[in-house]
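Below: the structure, in structure tokens.
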């Protein structure tokens, strides 16, 4: 299924206030074949890319715990946006103990998938392609219904 | 708690405190070298005769019937005494020693004064009270040589409320009523001690819980920091293996080592905080900046996350006698509150210096919205919180207690004239009898 998607054209927004973690995620994504990335330190910065009409956006990977605007607030803003509400969104969390509660509140806001820090590249690959594939299916389905 | 009160409980040998209320104690010792008199007292107090109206030789009004119901803590009437009769001082000493060993002390004793032994009743009571300071003595005497004052002087001022006397010939009513009053008094005192102990336990537990809350709050932040550090370690290791370039690997290993060092130091600081809750409550010589730096280190990640800049205006190292763990706890609480006051980030001004020769003043000011004046007087009250279910309402109350009660200092929260909340802590540099003007603690 990875071959069916034009990975080199896709644009992924990576949001994390930890520069090192952000770079690691991007390096992994590069190793999967992606080439274009947008980076943001927190939800407020990230949302500027979301509202930019001419900006293509295929996937958002965002940390939960960030200063100013956290991941959940950002997710809700994306889901409420007229044109971007369907953007695939993967939430990254790190607090194992509160994870369940967090995941359930993220699910309420239609997060596509979540991943718990620390994670291996393979896990990230699985989640990213699962989410992209599902989004592709949704697009095809709505395209068929429309025609 | 007194020795005798401890001995009320069967498990008094262990350090674990019994949580059950003390049982009503009816043990009475009767010491007289004349068996007939000893037997007379015993007969007056023993249950078989307690239904007889004990009123023969006194003109005073009769006491209530011995079987009258009372508001005592168990079903037995308090006049069902457990009586032990002995005829010489040595037997009395043995009986008291044995009662203490069994954890069943005597509440009181009736003592003859002249017993034809090496020691008289007064000396015997002095020796017995040195074994069991709660033992109440009633001297039953025909002997008028010693004044009440000389007996008081002999037994000691601290025992002045623990003895009484009856002249021979005594009336039945005197013996019965003394036994009633004194056993009741003894038991009320033990009950009071027990209640005080319960209260102290509850306070200790409250303090312990609040410490645990701080540890848990820091724990969540530490868990998050660890998630990121592990992410750095795992990510770099994996990417280095993937790329398989010597230079890349070297860089990855360096980053991994750096992240591991940070992780160990975070863990070390966290362990110290967690242990502080269970160990060490004594005052030791501490450099004031040490607990402050420790709390700042623990909050470092949280401050970075919340974009809080720490500004040290005055930063003097001063030696003081204090409980370091408690102070870390106070600073953590104040810092956590400051973080909540500035969710969008901001500046935190710290100042440490000497107010006078014996007092350190520490000011912590945030640049948040300050505290509404109507709630300002209540913020250090226990259970007062503006954080709903998020807050226990104990944080600042415990801070105040640690600073004022544990250290004899002062803990004040006010609004800074230029905005934001200002916490001012004053700590005496010396403890124990050197509190100076803070002696009331």
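Protein chains in written order, with the numbering used here: chain X, 1 to 147; chain Y, 1001 to 1441. All C-beta atoms in this analysis are idealised placements derived from N, C-alpha and C, irrespective of residue type, glycine included. Quantities reported herein were computed from a predicted structural model and do not represent experimental measurements.
Asked, Found
"Can you tell which of Y:1184, Y:1326, Y:1029 has its C-alpha closest to the C-alpha of residue 1098 of chain Y?", "Y:1029"
"From this set, Y:1380, Y:1408, Y:1416, Y:1203, which residue's C-alpha is nearest residue 1399 of chain Y's C-alpha?", "Y:1380"
"Rounding to the nearest angstrom, what Cα-Cα distance links residue 1069 of chain Y and residue 1168 of chain Y in this structure?", "For residue 1069 of chain Y, the predicted model reports a pLDDT of 39, less than 50, meaning its position is unreliable and no value from the coordinates is stated."
"Would you check if the distance between the CB atom of residue 93 of chain X and the CB atom of residue 127 of chain X is smaller than 8 Å?", "no"
"Pick helix, strand or coil for residue 1114 of chain Y, following the three-state DSSP scheme.", "coil"
"Are the C-beta atoms of residue 1027 of chain Y and some chain X residue less than 8 Å apart?", "no"
"Keeping to the same chain, check which residues put their C-beta closer than 6 Å to that of residue 16 of chain X; ignore five residues upstream and five downstream.", "22, 63"
"Could you tell me whether any Cβ in chain X is nearer than 8 Å to the Cβ of residue 1367 of chain Y?", "no"
"List, in order along the chain, the chain Y residues whose C-beta lies closer than 7 Å to that of residue 68 of chain X?", "1344"
"For the segment 27-58 of chain X, which residues have a beta carbon sitting closer than 8 Å to at least one beta carbon of chain Y?", "27, 28, 31"
"With a 10 Å radius around its C-beta and 16 neighbouring C-beta atoms as the bar for buried, classify residue 1140 of chain Y as buried or exposed.", "buried"
"By DSSP, does residue 47 of chain X sit in helix, in strand, or in coil?", "helix"
"Assign residue 1211 of chain Y to buried or exposed, taking buried as 16 or more other Cβ atoms, counted over all protein chains shown, within 10 Å of its Cβ.", "buried"
"Got a sec? Which residues, its chain only, sit under 7 Å from residue 1159 of chain Y by beta carbon, not counting five neighbours each side?", "1129"
"Which runs of the beta strand (DSSP E) fall wholly inside the segment 1262-1295 of chain Y and span at least 3 residues, in chain order?", "1284-1287"
"From the DSSP output, in three-state form, read off residue 1034 of chain Y for me.", "coil"
"Quick check: residue 1366 of chain Y and residue 1420 of chain Y, are their CB atoms within less than 8 Å of each other?", "yes"
"Can you find the residues in the same chain that come closer than 7 Å, C-beta to C-beta, to residue 1233 of chain Y, ignoring five residues on each side of it along the sequence?", "1256, 1259, 1260"
"Exposed or buried, which one is residue 97 of chain X when buried takes at least 16 other CB atoms within 10 Å?", "Since pLDDT at residue 97 of chain X reaches only 47, below the 50 mark, its modelled position is unreliable, and the value read off the structure follows with that caveat. Under this definition residue 97 of chain X is an exposed residue."
"Taking the straight line between their C-alpha atoms, what separation do you get for residue 1012 of chain Y and residue 1178 of chain Y?", "Per-residue confidence for residue 1012 of chain Y stands at a pLDDT of 38, beneath the threshold of 50, marking its modelled position as unreliable; the derived number appears in the next sentence. Straight-line Cα distance between these residues: approximately 29 Å."
"If residue 1322 of chain Y and residue 1407 of chain Y are in contact, beta carbons under 8 Å, what's the gap, nearest whole angstrom?", "6 Å"
"What is the DSSP secondary structure of residue 1154 of chain Y, reduced to helix, strand or coil?", "helix"
"Can you find the residues in the same chain that come closer than 7 Å, C-beta to C-beta, to residue 30 of chain X, ignoring five residues on each side of it along the sequence?", "none"
"Can you give me, in chain order, the residues of the segment 1224-1254 of chain Y that have a beta carbon less than 8 Å from any beta carbon in chain X?", "1224, 1226, 1227, 1228, 1230, 1231, 1232, 1233, 1234, 1235, 1236, 1238, 1239, 1242"
"Going by other Cβ atoms of all chains shown within 10 Å of its Cβ, with 16 needed for buried, is residue 32 of chain X buried or exposed?", "exposed"
"Alpha carbon to alpha carbon, what distance is there between residue 1290 of chain Y and residue 38 of chain X?", "43 Å"
"What does residue 71 of chain X reach in chain Y if we use C-beta pairs closer than 8 Å?", "The premise fails here: residue 71 of chain X is roughly 12 Å from chain Y at the closest Cβ pair, so nothing lies under 8 Å."
"Should residue 91 of chain X and residue 106 of chain X be called a contact, given that it needs their Cβ atoms to be closer than 8 Å?", "yes"
"In the segment 104-117 of chain X, which residues sit with their C-beta less than 7 Å from some C-beta in chain Y, listed in chain order?", "117"
"Determine the DSSP secondary structure at residue 1418 of chain Y, reduced to helix, strand or coil.", "coil"
"Output needed for residue 135 of chain X: all residues of its chain with C-beta closer than 6 Å, excluding positions within five of it in sequence on either side, in chain order.", "88"
"When we look at the beta-carbon of residue 142 of chain X and count the other beta-carbons within 10 Å, is it buried (16 or more) or exposed?", "exposed"
"Sort Y:1265, Y:1205, Y:1044, Y:1262 by Cα distance to residue 1180 of chain Y and report the nearest one.", "Y:1044"
"Can you name, in chain order, every residue of its own chain whose Cβ lies under 7 Å from the Cβ of residue 1331 of chain Y, other than the five neighbours on each side?", "1291, 1292, 1295"
"Could you tell me the boundaries of the alpha helix (DSSP H) in which residue 1241 of chain Y lies?", "1172-1243"
"Rounded to the nearest angstrom, what separates residue 124 of chain X and residue 1246 of chain Y at their Cα positions?", "25 Å"
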